[in-house]
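Note sheet for the following structure.
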Ligand SMILES: [Zn+2]
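Right, dumping it as structure tokens:
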């Protein structure tokens, strides 16, 4: 069953790669940034060269007694101009820390999915 997660995640710069609800276990949402480039923080050059993928798991509060895990890819890019390797900026994670509004978005959205509400609601 395919859930329209990205449409109601309220995170326009992220794309959902995978959404799994394991029977009797946990919910795993796999996301990464939807653009395939990043800007070098040292020299400002835009690069498309992905150096490495760095998967990071964030534990959300349980939803419906099930643990919710967010699997986020923070990619490392290599700048061709200054040859430095850097990690991309993930605003939704960096700004909210480990338990900020991002988690609230996810949890509310999961509830919306359950009730099959596809109406776009402003969640604050
Ligand atoms: Zn650079």
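Numbering (my numbering), first residue to last: 32 to 155. Beta carbons are placed, not taken as given, at the ideal position from N, Cα and C, and that holds for glycine.
Query: Rounded C-alpha distance that separates residue 56 from residue 105; Result: 25 Å
Query: Residues surrounding ligand 1 [beta-carbon distance to nearest heavy atom under 6 Å]; Result: 71, 73, 74, 76, 110, 112, 113 and 115
Query: Spatial neighbours of residue 79 in its chain, beta-carbon cut-off 7 Å, leaving aside the 5 residues before and after; Result: 67 and 68
Query: Host beta strand (DSSP E) of residue 116 (start-end); Result: 116-118
Query: Spatially closest choice to residue 103 from 59, 114 and 54, by CA coordinates; Result: 59
Query: Near ligand 3: residue 113 beta-carbon under 7 Å from a heavy atom; Result: Ligand 3 is not part of this structure, which contains only ligand 1.
Query: Where the beta strand (DSSP E) through residue 104 begins and ends; Result: 97-109
Query: First through last residue of the beta strand (DSSP E) which encompasses residue 112; Result: Run containing residue 112: none; DSSP gives neither H nor E here.
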